[in-house]
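Working notes, structure below.
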Amino acid sequence: MNLLMLSSSRAGDEAYLAHAKDMIASHLTGCQRIVFIPYAGVTIDWPSYTEKVQSALPEFNIVGIESFDDPKLAIEQADAVMVGGGNTFHLLHQLYSNDLIHPIQERVEQGLPYVGWSAGSNICGTSICTTNDMPIIYPPSFDALAFVPFQLNPHYSDYQPPGHNGETRAQRIEEFCVLNPSVPVIGIKEGTALVRKNDTLTLQGQLAGVVFKGRQQNIIQTGEDLTEYLRPYP
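The sequence shown begins at 1 in UniProt numbering and counts up one residue at a time.
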């Protein structure tokens, strides 16, 4: 597989997708026709979302899947697929509604380059149970694309605002791990990305990430070999 799983569309105060341009360009070398899936967008209409991405990445020919009468045909004809952020529940609901789960899985498993950020990265895991989003709509299943045999948590942060008494992100992920002790959860901070090239997995960017499994937490560094997390868990 050829996956670029970005934590976010922005890093700090940078422009939209600015921090990711080099990673995306390297990942999509030779790709002429990139199909963008804007289904995570809820407060932005899909053609406007596609236009926003095209404006941020003018060097690519980006076509929104919403412009096709047959979304499956769009996936068949794509040189790469790109999935934007927004609400993960809405994204997965639309993928199921348009019967796109298996077509995307099939093409990506055959080597089609995939780029996702935020919700678009979240769906690369086994399920969306570690998303940060509100369940504003109920997809037929929480099962996701399962391109990697673990869970993702994009936008991961260990910051706790002073005086805030709600659970930290780590505490919420730990709740998942208590019920799913054998399933790793990888938290990636804004400005970083997980990259899968066939059977290798690495973290790119300037900030460390964290792997949760059971009650354990392990810090992972950029460039570190994370291939062990591609092995199926019991």
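All residues carry an ideal CB built from backbone N, CA and C; glycine is no exception.
Residue ranges of uninterrupted alpha helix (DSSP H) with 4 or more members, entirely inside the region 118-203 and ordered along the chain, are 119-122, 169-179. For M5, the closest of Y229, H93, T192 by C-alpha to C-alpha distance is T192. When C-alpha distances from G84 are compared across Y96, I123, E106, the shortest belongs to I123. For A25, the uninterrupted alpha helix (DSSP H) run begins and ends at 21-27, by DSSP. The C-alpha of F212 is placed about 37 Å away from the C-alpha of R33. Burial check for L152: the Cβ neighbour count within 10 Å reaches 16 or more, so the residue is buried. If you draw a straight line from the Cα of I128 to the Cα of Q171, it comes to about 17 Å. For L95, the uninterrupted alpha helix (DSSP H) run begins and ends at 88-97, by DSSP. When the five nearest sequence neighbours on each side are left out, the beta carbons in the same chain lying within less than 7 Å of the beta carbon of Q160 are those of T168, in order along the chain.
Taking all protein chains in view, the Cβ of H164 is surrounded by fewer than 16 other Cβ atoms within 10 Å, so the residue is classified as exposed.
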